[in-house]
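Going by the UniProt record's numbering, the sequence shown wraps up at 1277, each residue one higher than the last.
Even for Gly, the Cβ is constructed at its ideal location relative to N, Cα and C.
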Amino acid sequence: MAISMTKLSSADYYLDRTREALQADGAIPDEATPGPLTGPDPAAYYNAEGNPPGRWIGSASRLLGGETGRQAGAETVRMLINERRNPETGRSLDQAGIRADNDGQPPIAGYDLTQTVPKSVSILWAFADQDTRRAIDECLHQAADMTIGYFEAEYAATRAGAGGVASTACDGVAGFAFDHWDSRDGDPHPHTHLVISNRVRRTTDGQWTALDGRAVYGATVELSEYNANLVKDLLTQRLGWAWHEPARARGRGTRAVAGEVQGVPEELIDAFSGRDREIETRLAAIIDEEERRTGHTIGWKRRAELHKQVWLETRKPKTDARPGLAELTRRWHGKLRAEAPGTSIDAMWQAVDSHRDRTIELGQTASRAAGIRLAGQLADHQTPGQTELERLADAAMAHTERTRATWTLSNIRAEAERLLADIRLDPTARADTANQVAELAIRRCVKITPTRYRAGQAGDDPALVSRAGRSTFDDPTLDRYTSQTILDMEKRVMATFGRTDPLAWGPGEGTRLIQSMRAGGNRLSDDQAKAAAYLLENPHAASALIGPAGTGKTTTMRAVARAWETRHGRGSVLGLTLSVRARDELADSIGTNAITIAKLLDNVSERHRAQTDDLRREYRCRLAAARTPAERDRIRRAISESDAREQAGLIHPGQLVIVDEAGMVGTPELDAIAELCERAGARLVLTGDPMQLDAPAAPGGLLAWAEREHRCATLTSLWRFRSDPGLWANDPDGGRARWADEGKATLRLRAGGDRAKPDSVEACRRLVAEYAAHHRLHWGEDRECEEEAYRMTLQWQKTGKTTLLVAGTNEQVRAMNQRTILERRVLGLSDGDPSRLATLSDGLKIGAGDRIVSRANDHQVRGPDGHRIENGMAFTVTRIDTDAIACRDADGRQWTIPRDWAKTNCEAGYATTIHKSQGMTVDRCAAMFPSDARVPCNLQYVAATRGREENHLLYACKDEKTRQTEAMLSGSDTDPEAIARQRMLSTLLTRPDTRTATETRIDEHEERYSLTRLLREHDYAAGLIAGPHLEAKLRQCHNPGIVSMITRSPNWEWLRALWSRAWMTDPKRAMAIVSRDISPKDEHGNRQDPAAVMAGRLSSGLLDRLNGAVRDDWTAGIIPPIKASRNTAALDLVRQNELLITQRADALARQAATGEQPWSRTVMETARKHGDHNLLRDVAIYRDMWHIDDPDQPIGQRPPGRSGRQEQHWCNLDARITGQGSGVVNPGKTRKANRNRPENPTPRVETPNPAAMEERNPQWKTRQEPSSNNSPDVPTQ
C-alpha cells in the first residue's frame, strides 16, 4: 500500500481504459446527481463496462470550470493534461508552447500519484456487499482527496525568476482521479490514478506556469506513508477494522511492510495474488483433456511444453477494453470456487468482524500504544521527563540518521508517519500529529542550507514570502539537514587521510620492492604497480584504491599485502568485508586473514568483552579444578585457541587494514574502523569503486570523496573483459557481436558526462553511437525488448555460456525467470518432473539443472568446507531430494540446502535487478530499461559490466499510439532507435548523488551564495519594484492593447527584471528602446510576443554592453543598485541581496588573494603594475559568474558572440589585464550606433560623471506616472 509517482506526457492511457462520463462536464446538472462517487445512477456506475470516468481533484479545479469530485469527460481531460489548455475557455495554459526537451523526450504533462491498498483490502472490497463496497470506495476516495489537499497545503508551488530562483505560491493543483478495479492478471486490485496537471496558476500574477517538480519528487515518500496511514485510519473509523503485520513479513527488516486487515486468511490472499493458481488450474484441465483424448498419461517433458504454452497464453497485456465491475465480480467468484473451493467468504467476514479497533488521540491516551510495535520502537529512546511525541522525535531522528547522510523535512515527516503506522488516529489529526513529531525532530538536526534573507517586512506577500514566513528565495521545503554525529564521523575519517603515518614507507621504497616482485614473476600491469607503490608510500594514515569493474583491484591488493608482510611479518594484513562470502573470497585471493566488519565491531563491543571475560573466568575455574596433566593441557590448548581467535578478530599495531568494497560501507562503520586503526597504530586502505552502488540504506560517500579529493590511486587497465575470437566460435552469427574495445568503452560509460559542458555532451553522443555500431544498444517497445533480451540469453545458454538478464522491475524479473525455466525444460536443459521440483521464495518451481540465487545469510546453512551461505550466492541445482536441494556453487563446491530454507530465502537465478546484480560476473549479460525507467549513470555502468564477453543495453520506448500522440503534441521523437539513443545519452548525463554531508554543506553554501543565483534574485526582486513603473511608461507610448499583451505575457517577468537594470543604467536610452513600435509578426510571418521582443531589444541594445562593463559606483562593480525614496518590503529584500552580492565579491577577492592558483598571481601582478586595485576582485567575480575553472588563464577563452553580456564582460577585463583593446566587444559598430552619446574610451573601471548621476542612476521615487495600475513603489524619472 503506497503512493507511487510517475511522470506523464499524456493522459491517453487512462482514457483508453475508461468509459465516458455519465455527467461529463456538467451535462447532467448537479441537483440530479445523488452522490459525488457514483453519479446519478449508482447501479450504472458499478455495472457499466470499463473503468469509471475520471473525476476532478484539486482545489484549482474551480479555476478551470471543474469542481472537486465531479466527473470529467475525455475531452476535458485531454485539453488539460495533453494540450495544456483551460477546458472551460480553450485558452492555452502554456504560452511558451509544448516542445520536446533537449533529449527529444516529450515534456512533462503531469504526474500520476497512484494510490494502492493492501491485498486484504482488495479481497474484502471484491467480496463485499454493495453497501460495504461503497463504504470502502468512499474511504479510498477520501484518502485520495486528503492526500492531494495535504500536498497543496505543504508542497505545491511554482517558480519564478531566471533559473526559478523564487519559490512562489500557486492557487492549488488540478487534475483527475481514475479508479481502476483489477490488476493486469485480472485479480481484485482497486487503485486510483491521481493525475495532476503540470500547469498551476501563480498566485502573485495569475500566470499559468509549471508545477515545481522538486516538490513532487521530494514529497512522494512522505505522501505515500501519509496516504497508507490515512487509508487504514478511515477504514477503521468507518468499518471498525483492525490491522496486523502478516506473519510472512515479520523479521524481514523492511520499512515497506503494509499491514493487512485481521481476519482475512493468507490462503485467500495467495489465491488472488497473481496468475499462478490460474495457470495451474488451466494446465491441469489441458493435461486431463489430452490424457482422455489420447488414452495415455503424458510425461514430464510434454507437461513442460504445455506449461510453457499456458504461461504464454495467460500472460495478459494491459488492454483497452475493460469489463465492468459486475462482470469482474462474477469472474472473481468463479476463480474463488475453482482455486480455493474450501474458503468461506462468510467465515472471513465473521473473522474480520471479530477483530475490532477504533481511532484514538495521541498524547492524551498515550498508554493505548503500550502493547503495540511502537513501544518497541521507542524502547531505545526513553529519557525521563520526555513526552511521547519527544520520544517519537528522537526515534525519527535516529532512524533517519542511520539511512542517509543528508535529508529534508519531508524525509523526517515520512519517518514520523512510519513510526505512527500502528496507531489508528483521527484522520483529520494525523498530519498534524506526524508533523509535530517531525518539527521536534528537525530541531535536533543540523541545518546545512543557509537562510540568507529576513522576510519581516514582507508580511504575507506571496511574491516575497514562501512557507513558514521565509523569503521566497529560501523555501524551507528545499532545506537540507544532517546531524552533528554524521558531520563528526566524516570529519574524523577525512582527518585520517591527512594525518601523518609513521608506518608509511619512504619515497621509492615501495616502488623498488614492487618492481622486484614483478621481476620475480608477479604479473602486475604498470598502473597496478604504480597504485601498489602509492598505497605503501603514501605518507598519510589512510589512502584509497579506486578500481573500476574488471581493473584488477584484487591483484593489486595481493601485491600490497605481500609487500607489507615482507616488512611486518605474517599476519600483519587484515581484510574487512561486508559479507562472509566476500570475506572468504578476499582471504583466498590476497592470502591474508579477513573478517567481516560486523564481526570486528562486535569483537570490540562491551557485550563481547563481557562474554570474553566470562569465558576466561570459566577456563580459569576449569583449569584450577583439573585433576590430571592431560586435562590441564587440553584446557590450556583451548585457552590458546580462544585467545588466537580473539586476536585474529582485532586490529593490531603495525597492521595494514584493507576495507573491501568501501563504497558500499556506511560512514558509521568507516568511522569506527578508522578510530580502531588510530588507537592501534594501524594503516587503513579503502578499496572499491564509488561509481557503482553506494552504501545501501546508510550514510556514505566517503570513498567517492577520496576520489574527488585525489586521495587515492586509480586503476585503468582492464582484465575482466575478453575478446578472443574463439569465444564466439559457436555463435550462429559468426562473432558479429565481438567488440574488442568494449572494456575500454566501459570506462567512459563510468565517467558519464556533464550537461553544462557541450564538449562533454558530444563525447557522450559518440559513446552512444559506438554502442549502437557494435550491436550493444537495442530498442523497441517494452514487450519487444523483453522478448529480445529473453531470446538473447536463451541463445547464449544453448552455446554453453553463463548468462544474466538484468530487468527493470521485480515483476519483470519473476516473469523472465519463469519463462526461462519453462523453456529450459522444453529443451531438456533442466528437469521438469513434478515429483522432482522444489518451490522457491518467488513462487517458482525449479528442478535439476536450474540456476538459483540465495537472498539471505545464514550460518546454519554451510558448504562442505564450512562456508556459510550468503546473500547473492549462485548455485546450479544437481538433485532435489525430499528434504534438501543438492547444488554446486560457481567454484564447483557441493552444497546441500534445506528445501524449507530455499522456499523462504532463494530465488531463480536467470534474471535479476541492477541492484542485486553487483558482484555477479557471467559470460554475457542483457540489461533491460523499461520505457518508464529513469536510471542514473552508475546503475547503467553496473549493468553494462556484468559480462566478460558481451553486455547489451535494451532501451524500451512506449507503444506506437502513445509515441504518435506525444509527437503530435510536442514534436518528440517517434523512432524507437532515436529514443533509445536519447535515453542512453540522458542516462550518461545523470550523475548519482554520492556527496558526503560535509561536501553537501559546502555545496549548499556555494550554490546559495553564488553570484549567478544572487544576481537572478536581484533581478526578480528589483523587477517587482520596476513592474508598475514600466507599465506606466509603456502606457505613454503604446496603445492599451499592446500594453495589455505585454503585461499578460509569460515574458513580462523577464522584461520587468531587465527594466530594473536598464532604467538604473541609462534611463533615456532605455525609454527610447521600449518606445519603439513592435510588429505583431516577425519577418517570417510568425506571431511574436511583444514582451519578448522588447526584452531582447533592451539586452542587445543596452544591457549586454553596459552591464558587461565594471563600474565603481555599482554593487560589486557589476550591477546598478536600486535607489528609492521609500522603504518597502521589496526594496528591503533588494537591499539585503545587494549586501550579499558585495559580501560574496569580497569573499571571492580574499580567496583569490591567497595566490593558490596561477591565474590569481598573474592578476595580482598586473593590478600592482597598473594600479588597478579592484582587478583581482573583478576577475574573481567573472570566474564565479561564468563558471570559469581554468587554473592558469584568468578569464579563460573569449566566449562566443551570441553570449552577449558575458562577451562584453570578458572584453572589459581582457583589456584591463592585457592593456590592449578598448574593452568593448565591437567598438567601431558601437560608436557608430551611439555617436550622439558620450562613451568612456578607457578599458578600465568606468567612473561616471557626478553631474550625470541623477540621469544615469535615478531613484525609484514615489511620485507616480499616470497609470491605471498605480503602486506606491512606482519609479519615475
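Residue interval of the beta strand (DSSP E) (run including residue i)
| i | result |
| --- | --- |
| F151 | Unbroken run through F151 is the alpha helix (DSSP H), Q130 to E154; no beta strand (DSSP E). |
| N593 | N593 to T596 |
| L576 | V573 to T577 |
| L194 | P188 to S197 |
| S4 | I3 to L8 |
| Q860 | D858 to R862 |
| V853 | R851 to S854 |
Cβ distance (whole Å) where residue i is taken to contact residue j below 8 Å
| i | j | result |
| --- | --- | --- |
| S273 | D182 | The pair is not a contact, with the Cβ atoms about 13 Å apart (cut-off 8 Å). |
| L113 | L211 | About 12 Å separates the two Cβ atoms, so there is no contact after all. |
| A438 | A396 | 7 Å |
| T204 | P427 | No, T204 and P427 are not in contact; Cβ-Cβ is about 33 Å, not under 8 Å. |
| L985 | I1119 | Actually they do not touch by this definition, with Cβ atoms about 37 Å apart. |
Buried/exposed call for residue i, threshold 16 Cβ in 10 Å
| i | result |
| --- | --- |
| S410 | buried |
| A519 | exposed |
| N603 | buried |
| residue 1302 | Because the chain is modelled from 1 through 1277, residue 1302 falls outside the range shown and cannot be assessed. |
| P53 | buried |
| H307 | buried |
| L374 | Residue confidence for L374 is low, a pLDDT of 47 falling below 50, so the modelled location carries little weight and cannot support an answer. |
| S516 | exposed |
| R337 | exposed |
| T6 | exposed |
| S4 | exposed |
| Y217 | exposed |
| E1165 | exposed |
| L124 | buried |
| Q818 | buried |
| P1090 | buried |
Span of the alpha helix (DSSP H), counted from its first residue to its last, around residue i
| i | result |
| --- | --- |
| Q237 | G213 to L239 |
| I486 | Q484 to T496 |
| C785 | D782 to K798 |
| A926 | Counting along the chain, A926 falls outside any alpha helix (DSSP H), though it belongs to the beta strand (DSSP E) covering V922 to F929. |
| P976 | P976 to L988 |
| Q964 | E960 to S970 |
| W208 | Note, W208: premise wrong, no alpha helix (DSSP H); beta strand (DSSP E) at W208 to A210. |
| R1216 | R1205 to T1218 |
Beta-carbon spacing of residue i, residue j below 8 Å
| i | j | result |
| --- | --- | --- |
| T912 | V813 | yes |
| I1122 | I1025 | yes |
| A405 | T896 | no |
| A927 | V768 | no |
| R558 | I590 | yes |
| G752 | L703 | no |
| T965 | D137 | no |
| R1105 | Q1208 | yes |
| Q655 | S572 | yes |
| T400 | E390 | no |
| A874 | G847 | no |
| N229 | E88 | no |
| L1102 | A1129 | no |
| R55 | F151 | no |
Residue-level contact to chain B via CB, residue i, 8 Å cutoff
| i | result |
| --- | --- |
| G849 | Although the question refers to chain B, the structure presented lacks it and comprises just one protein chain. |
Which ranges would you report for the beta strand (DSSP E) in the segment 807-841 if only whole runs of at least 3 residues count? none
Complete alpha helix (DSSP H) runs within the segment 1046-1123 (minimum length 4 residues, chain order): 1052-1065, 1067-1075 and 1090-1098
What beta strand (DSSP E) runs, 3 residues minimum, are completely inside the segment 654-721? 656-659, 683-688 and 712-714
Return the chain-ordered ranges of every alpha helix (DSSP H) run that is complete within the segment 879-943 and spans a minimum of 4 residues. 899-905, 914-917 and 937-943
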